[in-house]
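Chemist: Sharing a structure with you now.
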Amino acid sequence: MDMTLDNKKHSYADYVLVKEETYEVIAGEILKISPPSPTPKHQDVVAELTAEFKMFLRGKECIAFSAPMDVCLFATETTKKENIFDWVQPDLFVICDQKKIKDTNIVGAPDFVIEVLSPSTARIDRWIKFNSYEKAGVKEYWIVDPANMFVEVYELRDTSFHQAGIYEHEESITVGIFPELKIDLKNIFKERV
């Protein structure tokens, strides 16, 4: 089944049938299919951030995951796959309600999401996913720009994201939902890659 050529509204049930293709969907519309391979710098930034969160969360209730992992943003435990029209694969995300973790995916919004920009995903991460994460109730969203070495931090207040800050490569960020976790960006944006 070629998901790239049709104009139908796609459900998670369709996706599961052709799992050999990798794509994300918002409101039934395909966002990307098998994007170009990420750059070494992108992958290094994701790996460093994942390590920081994994280490901090070890032995705690919340769990950090990195892509590829399907997150069905607006689904619940009882939502049928054919009724799921929004799923994404964030670069890094944290789940604190372990009931959302299923055998093959995550059902419901993460508490925290990081997207690391690449030229092919910047528009999607900054606009489409931003709006979807906000609507789904993600508590904190980071947009990481490895090329320019800065991080935009957004926190959910009521039902809207508000920019909590923009941090450059020499600064540290205190994670809003984990105030005891401080990320030193010098360790994330290394010059070697």
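All the letters of the sequence shown, read from the start, carry residue numbers 25 to 217 under our numbering.
Glycine included, every Cβ here is placed at the ideal spot set by N, Cα and C.
Values in this document were obtained by computation on a predicted structure and should not be read as measured data.
Please report the distance separating the alpha-carbon of K210 from that of A188.
Modeler: K210 and A188: Cα-Cα distance of roughly 20 Å.
Chemist: Leaving out five residues on either side along the sequence, give the residues of the same chain with a beta carbon under 7 Å from the beta carbon of I212.
Modeler: For I212, where only same-chain residues beyond five positions count, the Cβ hits under 7 Å are V69, E72 and L73.
Chemist: Please classify D110 as buried or exposed, where buried requires at least 16 other C-beta atoms within 10 Å of its C-beta.
Modeler: That one is buried.
Chemist: Is V69 helix, strand or coil by DSSP?
Modeler: Helix.
Chemist: Kindly indicate which residue of K123, A160, P64 and T128 has the alpha-carbon position closest to the one of R137.
Modeler: The identity of residue 137 in the sequence shown is Val, whereas the question assumes Arg. Nearest of K123, A160, P64 and T128 to V137, Cα basis: A160.
Chemist: Output yes or no for whether 9 Å exceeds the beta carbon distance between V175 and D169.
Modeler: Yes.
Chemist: Less than 9 Å separating the beta-carbons of C86 and V112?
Modeler: Result no, Cβ atoms of C86 and V112 do not sit closer than 9 Å.
Chemist: Among the candidates I207, F185 and H186, whose CA atom is the shortest distance from the CA of E195?
Modeler: Out of I207, F185 and H186, I207 has the C-alpha closest to the C-alpha of E195.
Chemist: Could you say which of F80, Y36 and F185 lies nearest to V95 if we only look at CA atoms?
Modeler: Measuring from the Cα of V95, the nearest candidate turns out to be Y36.
Chemist: Alpha carbon to alpha carbon, how far is K153 from F185?
Modeler: Computed Cα separation, rounded: 12 Å.
Chemist: Among the residues of its own chain, which have a CB less than 6 Å from the CB of G52, if the five just before and after it don't count?
Modeler: The residues are K33, H34 and F109.
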